[in-house]
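To keep things clear, I will list the structure first and then write my remarks on it.
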Amino acid sequence: MDNLRLWHKFLQTIKSEIAPDQFKAYFLKTLLKSVQEDKIILTVPSAFILETLNRDYKKLIEEIFEKILGKTVFVEFAVKEFEEGTKDSQEAFFQPQQPQYSSLNPKYTLENFVVGPSNNLAYAAAEAVVQNPGISYNLW
């Protein structure tokens with residue numbers, strides 16, 4: 728049995744064993760990476776799902792694969808983004824991306840803001856936020 732058919736058969740079986748919301752949350756984005764002699768490697772989209780599957784579903788997963796394959800297998804999980812990522816892609820992940828364009832109108836700046844008695848407080852607040860981003864007027 729090829730990996731694709733094995734994975735589809737596994738998904739059909741486990742879908743009837745667990746709640747639909749749990750199936751969607753933990754198994755829809757999980758993929759079968761490889762099948763070796765007695766080891767199956769599944770890739771998952773996040774460390775959270777890896778921990779949850781390892782803690783709550785590993786025994787059930789191994790039992791289902793054992794039923795399908797007719798032999799005892801051990802299941803391992805790997806986080807997809809770390810497993811497939813190269814050093815360059817990981818470095819790019821941590822680099823903040825510069826916006827290609829800005830939807831802000833360049834003529835609306837603090838330098839062009841006309842201060843008067845009715846908006847004096849708004850101007851002072853805006854300047855304080857610009858000088859100390861994330862500190863001044865940060866209510867949350």
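Position 10 of the sequence shown, counting from 1, maps to 737 under the working numbering, and the rest follow consecutively.
Yeah, the Cβ is synthetic: ideal placement off N, Cα and C, and Gly gets one too.
The structure displayed is predicted, hence computed values, not measured ones.
**Request:** Tell whether a beta-carbon distance below 8 Å holds between Glu803 and Lys766.
**Result:** The residue given as residue 803 occupies position 76 in the sequence shown. The residue given as residue 766 occupies position 39 in the sequence shown. Yes, the pair counts as a contact, with Cβ atoms nearer than the cut-off.
**Message:** Please state the DSSP three-state secondary structure of Lys807.
**Reply:** Residue 807 sits at position 80 when you count from the first residue of the sequence shown. If DSSP states are grouped into helix, strand and coil, Lys807 belongs with the helices.
**Item:** Beta-carbon spacing of Tyr753, Leu780 below 8 Å
**Value:** Here residue 753 refers to the residue found at position 26 of the sequence shown. Here residue 780 refers to the residue found at position 53 of the sequence shown. Closer than 8 Å, so yes.
**Asked** Looking only at its own chain, which residues have a Cβ that is under 7 Å from the Cβ of Phe737, when we skip the five neighbours before and after it?
**Response** Locating residue 737 in the sequence shown gives position 10, where the first residue counts as 1. Ile791, Phe792 and Ile795.
**Asked** Going along the chain, which residues of its own chain have a beta-carbon closer than 7 Å to the beta-carbon of Thr813, five neighbours each way excluded?
**Response** Stepping through the sequence shown from its first residue, residue 813 is reached at position 86. Residue placement at Thr813 is poorly supported in this model, since its pLDDT is 49, which falls under 50; the coordinates are not used for a value here.
**Message:** Relative to the C-alpha of Phe801, which candidate in Leu831, Val762 and Asp783 has its C-alpha closest?
**Reply:** Taking the first residue of the sequence shown as 1, we reach residue 801 at position 74. Among Leu831, Val762 and Asp783, the Cα nearest to that of Phe801 is on Val762.
**Message:** Once DSSP output is grouped into helix, strand and coil, what is the label at Gly812?
**Reply:** In the sequence shown, counting from the first residue as 1, residue 812 sits at position 85. Note that Gly812 scores a pLDDT of 48, beneath 50, so its modelled location is shaky; the value from the coordinates is reported in the next line. Looking at Gly812 - three-state DSSP - the assignment turns out to be coil, as it is neither helix nor strand.
**Message:** Could you check whether Lys742 and Val771 sit closer than 8 Å to each other, using their CB atoms as the reference points?
**Reply:** As a working note, residue 771 is residue 44 in the sequence shown. As a working note, residue 742 is residue 15 in the sequence shown. Not closer than 8 Å, so no.
**Message:** Can you list, in chain order, the residues of its chain with a C-beta nearer than 6 Å to that of Thr799? Leave out the 5 residues immediately preceding and following it.
**Reply:** On the sequence shown, position 72 is the one that residue 799 refers to. Glu793, listed in sequence order.
**Message:** Please report the straight-line C-alpha distance between Gln858 and Ser845, rounded to a whole angstrom.
**Reply:** For this step, residue 858 is matched to residue 131 along the sequence shown. For this step, residue 845 is matched to residue 118 along the sequence shown. Gln858 and Ser845: Cα-Cα distance of roughly 22 Å.
**Asked** What are the boundary residues of the alpha helix (DSSP H) that Lys785 is part of?
**Response** Working through the sequence shown from its first residue, we reach residue 785 at position 58. Per DSSP, Lys785 belongs to the alpha helix (DSSP H) from Lys785 to Leu796.
**Prompt:** Are the beta-carbon atoms of Leu831 and Ala853 separated by less than 8 Å?
**Reply:** Position 104 of the sequence shown holds residue 831. Position 126 of the sequence shown holds residue 853. No, the pair does not count as a contact, with Cβ atoms beyond the cut-off.
**Request:** Can you give me the start and stop residues for the beta strand (DSSP E) that Val771 sits inside?
**Result:** Position 44 of the sequence shown, counted from the first residue, corresponds to residue 771. Lys766 to Val771 is the extent of the beta strand (DSSP E) around Val771.
**Asked** Which of helix, strand or coil does DSSP assign to Lys760?
**Response** Here residue 760 is taken as the residue at index 33 of the sequence shown, counted from 1. Here Lys760 sits in strand by DSSP.
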